[in-house]
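Here's the structure we're looking at; comments come further down.
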Amino acid sequence: MAFSKEKRRLKIRKRIRKNISGTESRPRLSVYRSNKEIYAQIIDDVAGKTLAAASSRDKEVKDASGTKSDIAELVGKNLADRAKKAGVETVSFDRGGYLYHGRVKSLAEGAREGGLKF
């Protein structure tokens, strides 16, 4: 039985989410990657609230030039800044079923450079 890429990703995502959940002390950094854009948010799953969010469509990032990986790194740094303002320092990284490679890895490295710990 052949799975489409999307169904395969969602199956992997469910497997990841069984183990990763965001709490108040250690919220979840969730990543969504489309063909053009990348989105990330820090979520407290217990309270059901998004504490901070950033994407490649934000004003600060939209005008930046470079590869999609370069832009993903900027999004990570931007998210780390917003998380610090919200009082978040440590997070659980939820790659959302994507491979830890390319844009997802760049976003994670940018967030680490910005000061998030995971």
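Residue numbers for the sequence shown follow our numbering, beginning at 12 and rising by one. Cβ coordinates follow ideal geometry from the N, Cα and C atoms, glycine included.
Check: Measure the CB-CB distance between Val-86 and Gly-121 and report whether it falls below 8 Å.; Outcome: yes
Check: Is the distance from the Cβ of Ile-31 to the Cβ of Asp-105 below 8 Å?; Outcome: yes
Check: Taking the Cβ atom as the reference point for each residue, do Arg-39 and Ser-103 lie within a distance shorter than 8 Å?; Outcome: yes
Check: Among all the DSSP beta bridges, which residues are the ones paired with Leu-40?; Outcome: Ile-53, Phe-104
Check: Going by C-alpha to C-alpha distance, which of Leu-21, His-112, Tyr-43 sits closest to Ala-51?; Outcome: Tyr-43
Check: Shortest alpha-carbon distance to Ala-94 belongs to which of Leu-110, Asn-46, Arg-123?; Outcome: Arg-123
Check: Under the assumption that Leu-110 contacts Ile-53 (Cβ atoms under 8 Å), give the Cβ distance between them as a whole number of angstroms.; Outcome: The Cβ separation is near 21 Å, so there is no contact.
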